[in-house]
Every structure is written in C-alpha cells, then in structure tokens.
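Inspection log for the structure reproduced underneath, given as structure tokens.
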Ligand code: FES
C-alpha cells in the first residue's frame with residue numbers, strides 16, 4: 001500500500017524523471033529486492049517485483065486499464081495503465097495501492113516515490 005515517508009526509510013535515487021515517462025516503468029534493484037517504478041500520468045508509484053501468489057516478476061506484467069462491466073455488452077475502460085497483470089497466472093493489482101483486484105486482503109509491497117528536482121527518489 002502506498003505510504004508516507006518515515007524517518008527510518010532509506011532514500012535511493014533511481015532514475016531521472018525523463019527516464020520514466022508517463023505510462024512507462026523501470027525495474028531497479030535495491031539490495032536484494034527488485035522494485036518496479038511506474039509513472040502514471042506524471043505520478044510515480046513503486047511495487048515489489050514479486051507476485052504474492054507464486055513469486056512471478058509482477059512488475060514485468062502487462063499494464064492496462066481497469067475494465068468494468070454493468071451487464072452484457074456493457075464494458076467500460078477506466079484508469080488507463082493503473083492495473084498490472086501478473087505474467088504467470090494473471091492476477092491483477094492496482095499499481096497505486098498494491099492491492100489485488102480480486103481480494104483487497106491480498107497485496108504486494110509498495111513504496112513511496114517522489115520527484116526531487118529532476119531525480120526520481122524511492123524510499124524503502
Ligand atoms: S505468480 Fe502471480 S498470479 Fe500466480
């Protein structure tokens with residue numbers, strides 16, 4: 001789940017803002033963790049690159065919109081690029097919160113990201 005910075009968090013310069021444009025992502029290694037940094041309409045989010053189901057590299061999955069249906073042939077596409085689909089068994093997660101779409105009790109670790117000047121900063 002997205003969080004706010006605490007005094008114990010470590011600060012990592014992971015990219016320049018130009019490096020991760022809107023709709024793009026970058027996977028970085030911090031110690032022994034891989035973390036995906038996502039730019040969604042100019043706001044940055046970060047998720048651990050490990051699916052909580054069976055450990056797939058979640059952040060390498062397909063980014064897509066939230067698709068809802070209110071009935072037969074009634075499909076709506078919302079929140080472009082805010083959902084990531086695990087490449088192994090297709091569980092879907094909200095990139096902004098790390099929560100699974102099928103069960104909000106299931107989630108992947110998320111981290112705070114800020115832009116400072118032209119740098120993208122990840123806090124772990
Ligand atoms: S490992 Fe991600 S859905 Fe199974």
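Residue numbers (the working numbering): 1 to 124.
For every residue, glycine included, the Cβ atom is placed at its ideal position computed from N, Cα and C.
Every value quoted in this text rests on a predicted model; they were computed, and no experiment measured them.
Please confirm if the segment 59-71 is in contact with the segment 12-30, defined as three or more CB-CB distances below 8 Å between the two stretches. Short answer: they touch.
Distance, Cα to Cα, residue 72 vs residue 45? For the purposes of this step, residue 72 is taken as residue 72 along the chain shown, with counting starting at 1. For the purposes of this step, residue 45 is taken as residue 45 along the chain shown, with counting starting at 1. Roughly 34 Å between the two C-alpha positions.
Report the partner residues of residue 36 according to the DSSP bridge assignment. For the purposes of this step, residue 36 is taken as the residue at position 36 of the chain shown. The partner list for residue 36 (beta bridge, DSSP) reads 27 and 47.
Per DSSP, which residues does residue 74 bridge with? Please list them. Counted from its first residue, the chain shown places residue 74 at position 74. Its beta-bridge partners are 71.
Which same chain residues end up closer than 7 Å to residue 15 when comparing Cβ atoms and leaving out the 5 residues on each side of it in sequence? Walking along the chain shown from the start, residue 15 turns up at place 15. Closer than 7 Å at Cβ, skipping near neighbours: 26, 37 and 120.
Straight-line Cα distance separating residue 74 from residue 116: Here residue 116 corresponds to residue number 116 of the chain shown, with the count starting at 1. Here residue 74 corresponds to residue number 74 of the chain shown, with the count starting at 1. Cα to Cα, the separation comes out at about 42 Å.
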